[in-house]
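**Q** Can you read through this structure? Questions will come right after.
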Amino acid sequence: MLVSERKPLEEILELLEGEGRRRLFLLGCNGCAAASGTGGEREVLELKGELERAGKEVVGWKVLDFLCQKGLIRVGLKPYEAELAVAEAVLASTCGIGVQAAAAVLAEKEARLPVYPACNTIPLGGVRGEWPGAERCLECGQCFLGLTAGICPLTACTKQLVNGPCGGAKEGRCEFEPDARPCGWELIYERLKRQGRLDLLRKSPPLFKDYAKMQPPKKLRQTTKWALELELEEEVTSR
Amino acid sequence: MKLSELFRAGKFVVTSEVGPPKGTDTSEMLANAELLRPYVHALNITDQQSSVMRLGSLAAAHLLKERGLEPIYQLTCRDRNRIALQSDLLSAWTMGVENVLCLTGDYVSLGDHPGAKPVFDLDSVSLLATAKRLNEGYDLAGNELQGKPDFCLGAVVTPGANPLEMQLIKMERKIEAGAEFFQTQAVYEPEKFAAFMEEAKELKVPVIAGIILLKSAGMARFMNKNVAGVHVPEHLIAEMEGAKDRVAKSIEIAARLIREIRPLCQGVHIMPIGWERHVPAVLEEAGLAPAK
Chain A
1243 MLVSERKPLE EILELLEGEG RRRLFLLGCN GCAAASGTGG EREVLELKGE LERAGKEVVG
1303 WKVLDFLCQK GLIRVGLKPY EAELAVAEAV LASTCGIGVQ AAAAVLAEKE ARLPVYPACN
1363 TIPLGGVRGE WPGAERCLEC GQCFLGLTAG ICPLTACTKQ LVNGPCGGAK EGRCEFEPDA
1423 RPCGWELIYE RLKRQGRLDL LRKSPPLFKD YAKMQPPKKL RQTTKWALEL ELEEEVTSR
Chain B
1298 MKLSELFRAG KFVVTSEVGP PKGTDTSEML ANAELLRPYV HALNITDQQS SVMRLGSLAA
1358 AHLLKERGLE PIYQLTCRDR NRIALQSDLL SAWTMGVENV LCLTGDYVSL GDHPGAKPVF
1418 DLDSVSLLAT AKRLNEGYDL AGNELQGKPD FCLGAVVTPG ANPLEMQLIK MERKIEAGAE
1478 FFQTQAVYEP EKFAAFMEEA KELKVPVIAG IILLKSAGMA RFMNKNVAGV HVPEHLIAEM
1538 EGAKDRVAKS IEIAARLIRE IRPLCQGVHI MPIGWERHVP AVLEEAGLAP AK
């Protein structure tokens, strides 16, 4: 799930007015954005009211299921061609993926209509499992979990240190937001100690992260692991 | 001169530190350095301490070296990636810097630019290993250098850390990576420091004990609450509280601490935090002045 939070109205108005956009079409999303309290029908109607009070004209609105799916956007926006033709901008109350997917779909027909984000997508400190739990993965391409008692130093340590704790933790809490964050390295130390594996830490040579591995590999970009729609589009065109 | 040569000569090494200014006016920093000159073997130059943007420690170390003072160039991993860190180390050597203190660095949120991108590409351990690699004539990518440095590398350790075991493991890793000496976080409890040194002495690396001049009881309480690894015991806070002359009491406490820990370690590092003018009195009362 991607968590989004509404931008302040002033910021949205500044975005729109910066390019002189008055007639708007609003988009919401019934997926993560609705669950975040930003992109459901209620929130979109609230946003509509706020914008109208600020002198904007809302020529239409639609809450789609899953704005991250371009196929659904294409189908979902079909009945709104007339509204989109008179709109000067689309304002999407959803995550950064939804905004990009909507912008890509609208650019397929004509690049005239800009899509503005009504929200910020909030960092969750790494990717979570499909059944979202507390564990985080940065998809770093160089997993150290075998050396760190199964606790990721990149997501558990604010500084993403891989060679042990810094000097900043106090009573087991991180120097950044001590009320909210435990020292990740202290968690690693405690678990390794319980496992009788502290020598692992003691004997490890200095570890260096290879940040080049954090870029998705070239070969991945050409597969459906990168984007399911790649193959779908190929299939459609080959038929 | 490298600190390692002083240790080899059996000297009890005295260091202190100066902080580069916020801006380009170096007069106060240089005046503080001159004031400390007769009393210390070398001076640490802090690297944008507490993540507050300042004049660079490299330029400041160069200014001290030009004046015949021995800088200990502090280098943190907070603001530079491995390319910049290696480059700055090479630059430092060409400017005459011989001693480097390798640190991870505070998180950016502690300073005056909390929205800055935190780097931490390397950390204290991997930075030490990197500097050692440069000393050996190669960069991190394995390329041969055209002319190589020969730094004496230092690191920090927190004797009052809890858990201490983790601290000792990291100390060991820093030595393995290239640390030839350690400077410590502030020490206020000689017994605890003795216990730490008992563990650390097996590692056979010189330890320079940190001393922060206590300016007031309030400062002591603030550090107890906010500074990692620092603990000022209640009896010292009471001493400061009851003192008629805070400066005289502060000097007395610092000098006493130094006399108590001197047999346990290989040097002291005075962190004056604005009280540079009182450092000479501390060292004189501790029987350590003038240095050399």
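Top to bottom, those sequences are chains A and B.
Start counting at 1 in the first sequence, then tack on 1242, and there's your number in this note's numbering.
Start counting at 1 in the second sequence, then tack on 1297, and there's your number in this note's numbering.
Idealized CB from N, CA, C, for every residue including glycine.
Counting only beta-carbon atoms, is Ala1422/A nearer than 7 Å to chain B?
**A** Here residue 1422/A refers to the residue found at position 180 of the first sequence. Ala1422/A does not count as touching chain B.
**Q** Along the alpha helix (DSSP H) that carries Met1537/B, what are the first and last residues, could you check?
**A** Position 240 of the second sequence, counting from 1, holds the residue named residue 1537/B. Here the alpha helix (DSSP H) through Met1537/B covers Glu1531 to Gly1539.
**Q** Per DSSP, what kind of secondary structure is Gln1402/A in: helix, strand or coil?
**A** On the first sequence, residue 1402/A is found 160 positions in, with the first residue counted as 1. Three-state DSSP puts Gln1402/A in coil, outside helix and strand.
**Q** Along chain A, which residues have their Cβ under 8 Å away from the Cβ of Glu1469/B?
**A** By 1-based counting over the second sequence, the position of residue 1469/B is 172. Arg1444, listed in chain order.
**Q** Determine the burial state of His1410/B: buried for a count of at least 16 other Cβ atoms within 10 Å of its Cβ, exposed for fewer.
**A** Here residue 1410/B corresponds to residue number 113 of the second sequence, with the count starting at 1. Label assigned to His1410/B: exposed.
**Q** Taking only beta-carbon atoms, is Asp1376/B less than 7 Å away from chain A?
**A** Locating residue 1376/B in the second sequence gives position 79, where the first residue counts as 1. Taking Cβ atoms only, chain A never reaches closer than 7 Å to Asp1376/B, which makes this a no.
**Q** Would you check if the distance between the CB atom of Ile1342/B and the CB atom of Pro1318/B is smaller than 7 Å?
**A** Mapped onto the second sequence, residue 1342/B falls at position 45. Mapped onto the second sequence, residue 1318/B falls at position 21. Their beta carbons are not under 7 Å apart, which means Ile1342/B does not touch Pro1318/B by this criterion.
**Q** With which residues is Ser1301/B paired in a DSSP beta bridge?
**A** Here the question's residue 1301/B lines up with position 4 in the second sequence. According to DSSP, residue pairing for Ser1301/B in a beta bridge does not occur.
**Q** Whole angstroms is fine: what's the gap from Leu1442/B's alpha carbon to Tyr1435/B's?
**A** The residue you call residue 1442/B lines up with position 145 of the second sequence. The residue you call residue 1435/B lines up with position 138 of the second sequence. Answer to the nearest angstrom: the Cα atoms are 5 Å apart.
**Q** Give me whichever residues DSSP pairs with His1566/B in a beta bridge.
**A** What you label residue 1566/B is simply residue 269 of the second sequence in a count that begins at 1. Answer by DSSP bridge pairing, in chain order: Thr1312/B and Gly1507/B.
**Q** According to a CB-to-CB cut-off of less than 8 Å, which residues of the region 1452 to 1486 of chain B neighbour chain A?
**A** Val1453, Thr1455, Ala1458, Asn1459, Pro1460, Glu1462, Met1463, Ile1466, Lys1467, Glu1469, Arg1470, Glu1473, Ala1474 and Gln1482
**Q** Which class does Glu1363/B belong to by DSSP, given the choice of helix, strand or coil?
**A** Looking up residue 1363/B in the second sequence gives position 66. Looking at Glu1363/B - three-state DSSP - the assignment turns out to be helix.
**Q** Using CA coordinates, which residue listed in Gln1384/A, Lys1445/A, Glu1259/A and Gly1426/A is at the minimum distance from Pro1356/A?
**A** The sequence position of residue 1356/A within the first sequence is 114, counting from 1. Comparing Cα-Cα distances from Pro1356/A to each of Gln1384/A, Lys1445/A, Glu1259/A and Gly1426/A, the minimum goes to Glu1259/A.
**Q** Kindly give me the distance between the Cβ atoms of Glu1428/A and Pro1395/A, rounded to whole angstroms, as I take these residues to be in contact under 8 Å.
**A** As a working mapping, residue 1428/A is identified with position 186 in the first sequence. As a working mapping, residue 1395/A is identified with position 153 in the first sequence. In fact, because the Cβ distance is near 11 Å, the residues do not count as touching under 8 Å.
**Q** Kindly indicate which residue of Val1524/B, Leu1500/B and Lys1546/B has the alpha-carbon position closest to the one of Ser1513/B.
**A** Reading the second sequence from its first residue, position 216 is the one you call residue 1513/B. Closest option to Ser1513/B, judged by alpha-carbon separation, among Val1524/B, Leu1500/B and Lys1546/B: Lys1546/B.
**Q** Check the DSSP bridge columns for Leu1366/A and list the partner residues they point to.
**A** Sequence index remark: in the first sequence, residue 1366/A carries index 124 (1-based). Answer is none; Leu1366/A lacks a bridge partner.
**Q** By the DSSP assignment, the beta strand (DSSP E) with Ala1438/B in it spans what residues?
**A** As a first step, residue 1438/B must be located in the second sequence, where it is residue number 141. That residue, Ala1438/B, is in no beta strand (DSSP E); it is neither H nor E in DSSP.
**Q** Listed in chain order, which residues of the region 1348 to 1378 of chain A have Cβ atoms closer than 9 Å to some Cβ of chain B?
**A** none
**Q** Counting along the chain, where does the beta strand (DSSP E) carrying Ala1345/A start and finish?
**A** Locating residue 1345/A in the first sequence gives position 103, where the first residue counts as 1. Taken as a continuous stretch (DSSP letters only), Ala1345/A belongs to no beta strand (DSSP E), being part of the alpha helix (DSSP H) at Gly1338 to Lys1351.
**Q** Closest by CA to Asn1405/A, which one among Leu1449/A, Lys1412/A and Leu1380/A?
**A** For the purposes of this step, residue 1405/A is identified with residue 163 of the first sequence, where counting begins at 1. Checked all of Leu1449/A, Lys1412/A and Leu1380/A; the closest Cα to Asn1405/A is Leu1449/A.
**Q** Compute the beta-carbon to beta-carbon distance between Val1484/B and Leu1398/B, rounded to the nearest angstrom, for a pair I have assumed lies under 8 Å.
**A** Numbered from its first residue, the second sequence carries residue 1484/B at position 187. Numbered from its first residue, the second sequence carries residue 1398/B at position 101. Taking a contact as a CB-CB distance under 8 Å, the pair Val1484/B and Leu1398/B does not count as one, their CB atoms being some 17 Å apart.
**Q** Taking Cβ-Cβ distances shorter than 7 Å, what residues in chain B pair up with Thr1400/A?
**A** Position 158 of the first sequence holds residue 1400/A. Under the 7 Å cutoff, chain B gives Tyr1404.
**Q** Give the interface partners of Gly1410/A over in chain B, defined as CB-CB distance under 7 Å, in chain order.
**A** Stepping through the first sequence from its first residue, residue 1410/A is reached at position 168. Within 7 Å Cβ-Cβ: Asp1403, Tyr1404 and Ala1525.
**Q** From the DSSP output, read off the bridge partner residues of Glu1432/A.
**A** Here residue 1432/A refers to the residue found at position 190 of the first sequence. According to DSSP, which records beta bridges pairwise, Glu1432/A is partnered with nothing at all.
**Q** Quick check: Asp1403/B and Arg1379/B, are their CB atoms within less than 7 Å of each other?
**A** In the second sequence, the residue the question calls residue 1403/B occupies position 106. In the second sequence, the residue the question calls residue 1379/B occupies position 82. The Cβ atoms of Asp1403/B and Arg1379/B lie no closer than 7 Å to each other.
**Q** Would you mind reading off the limits of the beta strand (DSSP E) that contains Gly1279/A?
**A** Within the first sequence, the letter at position 37 stands for residue 1279/A. No beta strand (DSSP E) holds Gly1279/A; DSSP gives it neither H nor E.
**Q** Say whether chain B places a C-beta atom closer than 7 Å to the C-beta of Val1478/A.
**A** On the first sequence, residue 1478/A is found 236 positions in, with the first residue counted as 1. Per-residue confidence for Val1478/A stands at a pLDDT of 49, beneath the threshold of 50, marking its modelled position as unreliable; the derived number appears in the next sentence. Chain B contact via Cβ: absent.
**Q** Could you work out which residues of chain A lie near Pro1415/B, taking near to mean beta carbons separated by less than 7 Å?
**A** Position 118 of the second sequence, counted from the first residue, corresponds to residue 1415/B. Simply Lys1401.
**Q** Taking CB distances under 7 Å as the criterion, tell me whether Val1349/B reaches chain A.
**A** By one-based count along the second sequence, residue 1349/B stands at place 52. No, Val1349/B does not count as interfacial toward chain A.
**Q** Per DSSP, Gln1480/B forms a beta bridge with which residues?
**A** Taking the first residue of the second sequence as 1, we reach residue 1480/B at position 183. For Gln1480/B, which the question treats as bridged, DSSP gives the partners Val1453/B and Ile1505/B.
**Q** Identify, in the order they occur along the chain, each residue of the same chain with its Cβ nearer than 7 Å to the Cβ of Val1300/A, setting aside the five sequence neighbours on each side.
**A** The sequence position of residue 1300/A within the first sequence is 58, counting from 1. The residues are Leu1266, Leu1268, Lys1290, Leu1293 and Glu1294.
**Q** Helix, strand or coil for Gln1371/B per DSSP?
**A** By one-based count along the second sequence, residue 1371/B stands at place 74. Note: Gln1371/B maps to strand in three-state DSSP.
**Q** May I ask you to list the residues that DSSP assigns as paired with Ala1339/B?
**A** Taking the first residue of the second sequence as position 1, residue 1339/B is located at position 42. The partner list for Ala1339/B (beta bridge, DSSP) reads Thr1312/B.
**Q** Among the candidates Arg1433/A, Glu1417/A and Tyr1431/A, whose CA atom is the shortest distance from the CA of Lys1522/B?
**A** What you label residue 1522/B is simply residue 225 of the second sequence in a count that begins at 1. By alpha-carbon distance to Lys1522/B, the top candidate from Arg1433/A, Glu1417/A and Tyr1431/A is Glu1417/A.
**Q** Using a Cβ-Cβ cut-off of 7 Å, state whether Gly1406/A counts as contacting chain B.
**A** Residue 1406/A sits at position 164 when you count from the first residue of the first sequence. Yes, because at least one Cβ of chain B sits closer than 7 Å to the Cβ of Gly1406/A.
**Q** For Ile1567/B, count the other beta carbons within 10 Å of its own beta carbon; 16 or more makes it buried, fewer makes it exposed. Which is it?
**A** To locate residue 1567/B, count along the second sequence from 1; it is residue 270. Looking at its Cβ environment, which holds 16 or more other Cβ atoms inside 10 Å, Ile1567/B is buried.
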